[in-house]
Amino acid sequence: MLIGKPPGIPASAITPREQYMNRRRFLRTAISGAAATGAVAFGAERIAEVLSPSAGVLAGTKLQTVKSPLTTTGEQLTSYKDVTTYNNFYEFGVQKYQPAMNAGGLPTRPWTVRVEGLVKKPKTFDIDTLLKMHALEDRVYRHRCVEAWSMVVPWVGYSLSEFIRQCEPLSNARYVQFLSYYDKHVEKWSSESTIFWPYSEGLRMDEAMNPLTLLTFGLYGEVLPNQNGAPVRIVVPWKYGFKSAKSIVAVRFLDKQPHTTWNDMAPNEYGFYSNVNPNVDHPRWSQKTERRIGLPFYAQLRTTLMFNGYGDQVASLYNSMDLKKYY
Amino acid sequence: MKRSTLVLLKTLVWLACLWPLARLVWGAATNNLGPDPTAEITFTTGLATLRLLTISLAITPVRRLLPQLSWLIRFRRLLGLFAFFYATLHLLTWIALYTAFDINAMTADVVKRRFITMGMVAWLLLLPLAATSTNWAIRKLGGKRWNRLHKLAYLAAVCGVVHYWWQVKPGVLTPVTITIVLAILLLARPVLALAQRRKVTAAA
């Protein structure tokens, strides 16, 4: 009898990620191509759709992007692995590693975003329409979680303001609310906490219109993995991470401040504004410092910057406000 | 119990108690502590403390229920000291990796943040217990007084679990298992004592 560990896979035998993805893409194209040519008489498009349901939107699919002047420079990017396996997405479990394991069932195609409330006319946008609405930009942003950890993420998207213009909000719309996908059968881990679903977040209109606020479709130049909020999410880099709602299904324009999930859960801990602010402590920990993800334990600690370092672009939004009161 | 069995069991308990530390050391050496190593170290040492403390508190009720297991008492000091060891590592993690040895940051944390205050209280409660864990201390204090002092272990465990609840986000239920186990152990004492008294009364 042979006792002992089977030999591990030698590094030389591991397919590099690029090659693996290319092979997938080749197969997908080949299969749908063959189906299309061979089966014209049998409703080829349908067959191709069945064989390759989400071609073009699978996580990992490359996106066409352009450079952006709004990108943050001079920071070491957090690795793709850490960005995609260390997530807060409580619908898929409360532990950081859980969303990457559990979010596979999130149906990112077909996907629509409803626009409602104080708009000229309620509309529904298909994800494909959203993807084509404006050139997709590469935007590196610092990402600061309220739990005092941080990352540097190369997002892909365009300014939310471009989308809001298409929504034609009325002049009395002062706030915008984002609602996330919720289905307790797909997201059965959502009962691990006592949160009311669906997840809701919101911004003041001028915050939403700030060019930094990103309607986000991808990261690292590729379609968002489900656990990062596929197929479309918000990223607000000067606010704590929970303000950046994931997997958006509805956008509502309102004249009053909307109810938002964490603010409802614990208003003393999570303010509606939740701007990154080292001078206002979370009741349970200091916000003066943060731990950068992916570094060795002795090198993680760093100083937290006011507005997460985006003060030049956003400080003027809060000129007349006491940020200790409106935390 | 045979001496060789005892030695074997003690070795196993030592290995089990050192396991969480070994994992951390190995993980740190191979840069394999996950995306947030500081949080991983904090969580591992904190959880090890609560688990070991809870197991050490379970020994008395288990012995009462099953007298044939009364030899378990020989392991209680070991478990208790390991609980204190991990609690101390947990405290040092906070001092070194969260406050970077900044006295002002530490003071502010202890004064302002109830979960840190509570954690500090729990550690301070364990300190005299660890200090009086030697046979010499037991003799010096006398069994009765020593026993009374070491009831503080229950209080320390309660403080530790409250510290855990106050640390997690509202709505998060991860501390629920350890809370239930500790609640059962706390209830077991009066319940078993009552049962004992009934038995004595019935016999008389």
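Protein sequences, first through last, are from chains A and B.
Mapping to numbering that gives the first Met the number 0: the first sequence position 298 is 297, numbers consecutive.
Mapping to numbering that gives the first Met the number 0: the second sequence position 40 is 39, numbers consecutive.
For glycine and all other residues, C-beta sits at the position ideal for the given N, C-alpha and C.
Between the alpha carbons of Leu185(B) and Met150(A) lies a distance of about 43 Å.
Under the DSSP assignment, Met305(A) falls outside any alpha helix (DSSP H); it carries neither an H nor an E label. Contact check for Cys158(B) against Val120(B) passes: the beta carbons are separated by less than 9 Å.
Within the same chain, and ignoring the five residues on either side of Val160(B) in sequence, the residues whose Cβ sits closer than 8 Å to its Cβ are Leu49, Pro174, Ile177, Thr178, Leu181.
Closest by C-alpha distance to Val248(A), out of Asn262(A), Asp125(A), Tyr219(A), Ser160(A), is Asp125(A).
Taken in chain order, the members of the stretch 162-175 of chain B whose beta-carbon sits within less than 8 Å of a beta-carbon on chain A are Trp165, Gln166, Lys168, Pro169, Gly170, Val171, Leu172, Thr173. Look at Asp137(A) here: in three-state DSSP terms it is strand. Proximity of Thr259(A) to chain B, defined by a Cβ-Cβ separation below 9 Å, is not satisfied.
A Cβ of chain B is located within less than 9 Å of the beta carbon of Val93(A). In the three-state reduction of the DSSP assignment, Met150(A) falls in the strand class.
Counting only residues of its own chain and dropping the five nearest sequence neighbours on each side, Tyr85(A) has a CB closer than 7 Å to the CB of Lys95, Ile292. Inclusion of Val139(A) and Thr212(A) in the CB contact set at 9 Å is not warranted, their separation being larger than that value. Assigned with DSSP and collapsed to three states, Gln67(B) falls in helix.
Take the alpha-carbon of Trp164(B) and the one of Ala38(B): they are about 16 Å apart. Sequence-ordered contacts of the stretch 29-60 of chain B with chain A read Asn30, Leu32, Gly33, Pro34, Asp35, Pro36, Thr37, Ala38, Glu39, Ile40 [C-beta pairs closer than 9 Å]. Listed in chain order, the positions of the stretch 79-103 of chain B with a beta carbon within less than 7 Å of a beta carbon of chain A are Leu96, Ala99. Taking the CA atoms as reference points, Ile137(B) sits about 39 Å from Gly26(B).
Among the residues of chain B, those whose CB is under 9 Å from the CB of Thr193(A) are Pro169, Gly170, Val171, Leu172, following chain order.
Runs of the alpha helix (DSSP H) lying entirely within the stretch 175-209 of chain A and spanning at least 4 residues, in chain order: 204-208.
DSSP, reduced to helix, strand and coil, places Thr60(A) outside both helices and strands of the structure shown, so it counts as coil.
Between Thr83(A) and Pro224(A), the gap from beta carbon to beta carbon is short of 9 Å. When C-alpha distances from Arg143(A) are compared across His258(A), Val234(A), Ser189(A), Ser315(A), the shortest belongs to Val234(A). Assignment of beta-bridge partners to Arg143(A) by DSSP yields Ser149(A).
From the listed residues Pro230(A), Ala207(A), Phe252(A), the smallest Cα separation to Pro121(A) is found for Phe252(A). If the five residues before and after Gly104(A) are omitted, its C-beta is found closer than 6 Å to the C-beta atoms of Val185, all from its own chain and listed in chain order. Closer than 7 Å at the C-beta level to chain B, one finds these residues of the stretch 285-310 of chain A: Ser285, Arg290, Ile292, Gly293, Pro295, Phe296, Gln299, Leu300.
Around the beta-carbon of Leu154(B), fewer than 16 other beta-carbon atoms lie within 10 Å, marking it exposed. Put simply, the CB of Thr64(A) is far from chain B, with every gap to its CB atoms at 9 Å or more.
The Cβ atoms of Thr215(A) and Trp261(A) lie no closer than 9 Å to each other. Judged by their CB atoms, Ser199(A) and Phe177(A) are nearer to each other than the 9 Å cut-off. Between Arg290(A) and Arg301(A), the C-beta spacing is below 9 Å. Annotation for His258(A): Ser199 place their beta carbon closer than 7 Å to its own, counting only its chain and skipping 5 residues before and after.
Secondary structure note for Ala249(A): it is in no alpha helix (DSSP H), and the uninterrupted beta strand (DSSP E) holding it is 247-253.
When Ile194(A), Leu130(A), Tyr174(A), Trp196(A) are compared, the shortest CA-CA separation from Val222(A) is found for Leu130(A).
At least one C-beta of chain B is nearer than 9 Å to the C-beta of Asp280(A). Within the model, the alpha-carbon separation for Thr10(B) versus Arg62(B) is close to 21 Å.
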